[in-house]
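In terms of this note's numbering, the sequence shown opens at residue 3 and continues consecutively. Cβ coordinates follow ideal geometry from the N, Cα and C atoms, glycine included. One structure is given below, encoded as structure tokens.
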Amino acid sequence: MTLTIDIGLQRFVDDLLEERIGSLIVMDVQTGEILAFASSPEFNPNVFARGSDKEKLAILTDRRRPLLNRGISCKYPPGSTFKIVVACAGIATGTIKKDTVFNCDGVFELGGARFGCWKEEGHGPQNIVQALAHSCNVFFYNLGDSLGAEWIYHYGLGFGLDSVTGIDIPGEIKGLVPGPLWKRFFLKEAWYRGDTINYSIGQGFLLVTPIEMLRAITIVANEGYSPAPYLVKEIEGKKPFRKKNHIIKLDEGVFNIIKSGLFDVVNSPTGSGLYAKGD
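This is the structure we're talking about:
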């Protein structure tokens, strides 16, 4: 059996995570090959074959839960990474254009509630490219409120955030893309505008797995599709069956705008990810 893992890259991501709780996955966006896959904290599987009862118990009772494969078997609120999906929905539906501006003074008010931006003093007037670069919450509160929950739900599904990727290892679960009907059915409550405000920045009831979010960003990179991820390259020289690409049909101009904003995240002097820029 030949795997897709790049051992040098795998060691690098392992070192990056150290003993932090989380997952880091690197995929070739053209082929779907998983080049590195780390879930932390790790455990030594040999303990369960040759270890003592004490060693086994230590793993089983570890509060950090090392047996969980956090890349595919755990789901989390995606936070600002979900703004990419909301931005695509806004442009694709015509709710906003590239030059549409919302002013951020640090807070969005709805009824008696105040929803803050991470930058307390605000970002000032923002278009979609600037809002992505600065990860401006207030812009996306306004956009989400204008879009409505149903459109956010629709595009969340379109980006595959409520379905398994089909990666060729066991234990994958799917995330949760909620909507008004879901809340009525499962929580026996109405959906409120405040739910949509939280939804628009990747909070609230929304949950995704890391590999689902990897597929979503791959769709942007490839301008409309993501190959199914896989770890097994060949078995005795033969390629195993591959899942089909995940496809969402959006105008090319939508992805160009999103890519421009994401480029500025790390390349603009005011980008929210400036310190993540490589040499």
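Among the options, the one whose alpha carbon lies nearest that of residue i
| i | options | result |
| --- | --- | --- |
| residue 85 | 16, 198, 237, 114 | 198 |
| residue 107 | 134, 139, 78, 87 | 139 |
| residue 25 | 268, 67, 235, 236 | 67 |
| residue 148 | 265, 88, 214 | 88 |
| residue 120 | 133, 29, 129 | 133 |
| residue 99 | 70, 105, 129 | 129 |
| residue 40 | 135, 47, 20, 58 | 20 |
| residue 79 | 279, 44, 187, 210 | 210 |
| residue 105 | 22, 268, 31, 126 | 126 |
| residue 141 | 156, 117, 152, 44 | 117 |
| residue 73 | 224, 38, 257, 256 | 38 |
| residue 30 | 101, 156, 220, 152 | 220 |
| residue 257 | 150, 165, 223 | 223 |
| residue 247 | 166, 71, 237 | 166 |
| residue 64 | 23, 102, 101, 249 | 23 |
Residue i, DSSP secondary structure in three states
| i | result |
| --- | --- |
| residue 105 | strand |
| residue 42 | strand |
| residue 70 | coil |
| residue 178 | strand |
C-beta contact flag for residue i and residue j at 8 angstroms
| i | j | result |
| --- | --- | --- |
| residue 124 | residue 204 | no |
| residue 326 | residue 262 | Since the displayed the chain opens at 3 and closes at 281, residue 326 lies outside it and no answer follows. |
| residue 190 | residue 226 | no |
| residue 233 | residue 9 | no |
| residue 154 | residue 201 | yes |
| residue 174 | residue 75 | yes |
| residue 4 | residue 229 | no |
| residue 49 | residue 28 | no |
| residue 208 | residue 180 | yes |
| residue 270 | residue 135 | yes |
| residue 213 | residue 231 | yes |
| residue 168 | residue 58 | no |
| residue 77 | residue 11 | no |
Rounded C-alpha distance that separates residue i from residue j
| i | j | result |
| --- | --- | --- |
| residue 131 | residue 6 | 35 angstroms |
| residue 182 | residue 192 | 7 angstroms |
| residue 90 | residue 254 | 11 angstroms |
| residue 160 | residue 112 | 28 angstroms |
| residue 215 | residue 83 | 8 angstroms |
| residue 2 | residue 69 | This structure cannot settle anything about residue 2, because the visible part of the chain is limited to 3 through 281. |
| residue 62 | residue 170 | 25 angstroms |
| residue 144 | residue 110 | 8 angstroms |
| residue 187 | residue 279 | 44 angstroms |
| residue 114 | residue 196 | 11 angstroms |
| residue 218 | residue 194 | 26 angstroms |
| residue 92 | residue 267 | 19 angstroms |
| residue 95 | residue 276 | 30 angstroms |
| residue 176 | residue 122 | 35 angstroms |
| residue 293 | residue 97 | Residue 293 falls outside the range modelled here, since the chain spans only 3 to 281, and no answer is possible. |
| residue 44 | residue 151 | 38 angstroms |
| residue 172 | residue 235 | 16 angstroms |
| residue 265 | residue 56 | 50 angstroms |
| residue 103 | residue 240 | 53 angstroms |
Ordered list of beta strand (DSSP E) runs contained in the region 184-248, each at least 3 residues: Within the region 184-248, the complete beta strand (DSSP E) runs of at least 3 residues are 234-236.
Start-end ranges of the beta strand (DSSP E) lying completely within the region 4-66, minimum 3 residues: Complete beta strand (DSSP E) runs here, min 3: 24-29, 36-42.
Whole runs of the beta strand (DSSP E) within the region 77-106, excluding any shorter than 3 residues: Taken in chain order, the unbroken stretches of beta strand (DSSP E) that lie wholly in the region 77-106 and span 3 residues or more are 104-106.
Completely contained alpha helix (DSSP H) runs for the region 113-176, where each covers 4 or more residues: Listed in chain order, they are 130-136, 139-149, 151-160.
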